[in-house]
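>
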Amino acid sequence: PVVLHCAGGLRIRGRLARLVGDALVVAEDGGREALVAVPAVLAVTGAGGSRVEPARDGAESRIGFRHLARGVARDRSVVRVHLVDGSVLDGTLDRIGADVVELAIHPAGEARRRGAVRESALVALAAIVAVRRDADFDGGGANG
């Protein structure tokens with residue numbers, strides 16, 4: 004396993020699964036997955052003999068974070084969005100635009116339902132460090 008030291012004090016531990024354009028897909032413990040913006044990665048430790056599986060075809064090599072985030076939005080996963088300032092937002096990605104994502108904010112342990120959604124947030128793609136699905140929101144915080 005490697006540790007990604009990211010902007011905002013976030014540390015993500017796991018196995019580097021794929022590099023897709025400007026995004027890393029990290030398989031975390033417990034079956035969780037993190038989509039990490041490469042520009043937000045400050046250092047990687049434990050990568051001694053690690054090998055990142057590159058994108059397999061030309062089309063996938065041209066896509067990146069925004070395209071992978073669209074897949075997360077389509078499957079309606081509950082996510083934790085980590086921002087460059089260290090803050091987090093829990094909810095469901097509703098739409099992915101060219102420069103922003105729309106996030107329906109609701110409690111981490113609940114599915115996106117009308118009664119659970121507290122508000123909607125527009126988040127600049129450039130401000131996102133990572134999107135984690137199926138995260139352990141009890142202890143995730145800035146260092147988990």
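For the sequence shown, the residue numbers in the numbering used here are 4 to 147.
Where is the CB? At the ideal position from N, CA and C, for every residue including glycine.
In this text, all values refer to a predicted model and were calculated from it rather than measured experimentally.
(1) Taking Val75 as part of the alpha helix (DSSP H), name the residues at either end of that continuous run.
(2) Residues in the same chain with beta-carbon distance under 6 angstroms from Arg16, minus the five sequence neighbours each way, listed in chain order, please.
(3) What are the boundary residues of the beta strand (DSSP E) that Arg83 is part of?
(4) If you scan the segment 96 to 132 from start to end, which runs of the alpha helix (DSSP H) of 4 or more residues do you find wholly inside it?
(5) Just the Cα atoms here: how many angstroms apart are Glu113 and Arg121?
(6) By the 10 Å Cβ neighbour count, where 16 or more other Cβ atoms means buried, how is Thr48 classified, buried or exposed?
(7) Would Leu86 and Val126 qualify as a contact pair, given that the criterion is a beta-carbon distance under 9 angstroms?
(8) Taking Thr27 and Val132 to be in contact with their CB atoms under 8 angstroms, please state how far apart those CB atoms are, rounded to whole angstroms.
With the structure as the only source:
(1) 68 to 77
(2) Pro4, Val6
(3) 81 to 86
(4) none
(5) 12 angstroms
(6) exposed
(7) yes
(8) Note that residue 27 is Leu in the sequence shown, not Thr. Not really, about 11 angstroms apart at Cβ, beyond 8 angstroms.
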